[in-house]
Each structure stands twice: as C-alpha cells, then as structure tokens.
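Residue numbering for the sequence shown follows the working numbering, beginning at 14 and increasing consecutively. No residue lacks a Cβ here, since even glycine has one placed at the ideal position from N, Cα and C. Step one of this worksheet: look at the structure below.
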Amino acid sequence: MNTSGKQSSIGRISWIIAFFIIFQSAIAEDALVDPERFFESTFGDLQEELEIVQDEEKTALLVMFETKDCPWCERMKKQVLNRATVQAFYQENFRVIAMDAEGDLMVIDFDGNEVEESEFALKAMRVRATPVFAFFNPQGELIARYTGALKSADDFILLGNYVIEEKYQDMKFSKYRREQAKS
Numbered sequence: 014m015n016t017s018g019k020q021s022s023i024g025r026i027s028w029i030i031a032f033f034i035i036f037q038s039a040i041a042e043d044a045l046v047d048p049e050r051f052f053e054s055t056f057g058d059l060q061e062e063l064e065i066v067q068d069e070e071k072t073a074l075l076v077m078f079e080t081k082d083c084p085w086c087e088r089m090k091k092q093v094l095n096r097a098t099v100q101a102f103y104q105e106n107f108r109v110i111a112m113d114a115e116g117d118l119m120v121i122d123f124d125g126n127e128v129e130e131s132e133f134a135l136k137a138m139r140v141r142a143t144p145v146f147a148f149f150n151p152q153g154e155l156i157a158r159y160t161g162a163l164k165s166a167d168d169f170i171l172l173g174n175y176v177i178e179e180k181y182q183d184m185k186f187s188k189y190r191r192e193q194a195k196s
C-alpha cells in the first residue's frame with residue numbers, strides 16, 4: 014500500500030478544509046445584516062444621548078440625518094450600513110441614532126429645547142441634502158460632518174477612524190482619505 018499517496022490526499026483534504034474555514038470566517042466577518050440594527054433606539058432626547066455616550070465611554074454621538082425618499086440614504090443602508098464589520102466598528106466606538114430631516118417628531122436638542130426633527134435638522138444643523146453624518150463630542154459640540162453617501166464599507170470605517178483619531182482638527186476628511194490611500 015502506498016502511504017505517500019494517502020498522505021498526499023490527506024494533505025489536500027486538510028488544505029481544502031483549512032481554506033473553507035478561512036473563507037467562511039471572512040464571509041461571516043462581513044456578513045450582511047439588517048441595516049436598522051446599525052442605529053440605537055432613541056426617545057429623541059439628545060442630552061440623554063450624550064449622557065449615554067459618556068457613560069459608555071464612546072468617542073462621539075453620530076446622528077445620521079436622512080429622509081424617506083433619499084436614494085443615497087437607501088444606498089448607504091443597502092451597501093454599507095448592513096455590513097457586520099461596519100456595525101461592530103461603529104457600535105464599539107459611537108452611539109448612533111437616525112433622525113428624519115423632514116420629520117415632525119419632537120426631539121430635545123442639546124440645549125434642552127423641544128423642537129421638531131425637521132426644525133433641528135434645518136435650522137440647527139443646516140441639513141440641505143441627505144444623508145448627513147454628524148458627529149458630536151460628549152459635550153454636544155459638532156466635531157465632524159460628512160454629507161453624502163460613501164462608496165464602501167471601508168470608506169465609512171475610515172470616516173469613523175478620522176473622528177476617533179481627531180484628524181478633523183487638522184484636515185478635511187477628503188485629505189485624510191487621500192493620505193490613507195497612499196499608505
């Protein structure tokens with residue numbers, strides 16, 4: 014009996030099994046999940062949201078301003094916010110809520126005033142197009158803002174790193190993205 018043939022077959026089978034396990038873990042790592050799981054439930058009290066950011070020692074509060082008929086918002090949800098890697102990264106580092114830029118629900122702004130979502134979006138945040146990703150530090154100060162859809166999950170994670178690394182103090186996100194692409 015040829016034992017080297019058996020060992021060769023066993024080696025190939027082991028390699029195939031190892032490849033399958035690695036491939037499956039790569040798929041599971043960036044599995045598609047419900048994009049609504051990206052957002053935390055909220056009662057619309059932004060002061061309370063900041064308290065949660067502080068209690069959970071998150072970097073910032075991220076508010077996604079969207080509208081019901083926004084194709085770019087839908088694109089973000091279907092191609093970026095539904096990625097398990099994106100959700101895990103943002104849930105670890107940020108408190109994330111969504112706000113309807115045309116909505117009529119009442120929210121409590123950072124100053125304790127009760128206003129409609131649409132009024133907060135338009136007057137306080139000057140949202141003219143959606144989506145808008147607005148990052149607020151634990152004191153409620155706007156520290157970074159990005160308007161529009163990002164092309165990939167990697168770009169969206171890069172936006173989060175831009176905030177975590179506080180690069181917004183030194184440069185615009187577009188420059189940060191170019192610099193990261195070079196390295």
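Helix, strand or coil at residue i [DSSP, three-state]
i	result
residue 113	strand
residue 52	coil
residue 143	coil
residue 64	helix
residue 28	Annotation note: pLDDT 45 at residue 28 (below 50); position unreliable, coordinate value reported separately. Reduced to three states, the DSSP call for residue 28 is helix.
residue 149	strand
residue 58	strand
residue 163	coil
First and last residue of the uninterrupted alpha helix (DSSP H) at residue i
i	result
residue 89	84-92
residue 191	186-195
residue 159	Unbroken run through residue 159 is the beta strand (DSSP E), 155-160; no alpha helix (DSSP H).
Distance between residue j and residue i (C-alpha atoms, nearest Å)
i	j	result
residue 181	residue 44	30 angstroms
residue 67	residue 76	16 angstroms
residue 73	residue 60	13 angstroms
residue 52	residue 153	18 angstroms
residue 140	residue 195	32 angstroms
residue 168	residue 124	32 angstroms
residue 179	residue 127	30 angstroms
residue 65	residue 79	22 angstroms
residue 62	residue 106	14 angstroms
residue 104	residue 95	13 angstroms
residue 54	residue 100	14 angstroms
residue 83	residue 133	18 angstroms
residue 170	residue 89	13 angstroms
residue 130	residue 142	15 angstroms
residue 136	residue 157	17 angstroms
residue 190	residue 184	10 angstroms
Extent of the continuous beta strand (DSSP E) to which residue i belongs
i	result
residue 79	73-79
residue 127	127-129
residue 120	119-121
Review point. Is there contact between the segment 165-180 and the segment 115-131, where contact requires at least three CB pairs shorter than 8 angstroms?
Key: The segment 165-180, when compared against the segment 115-131, does not touch it at the 8 angstroms Cβ threshold.
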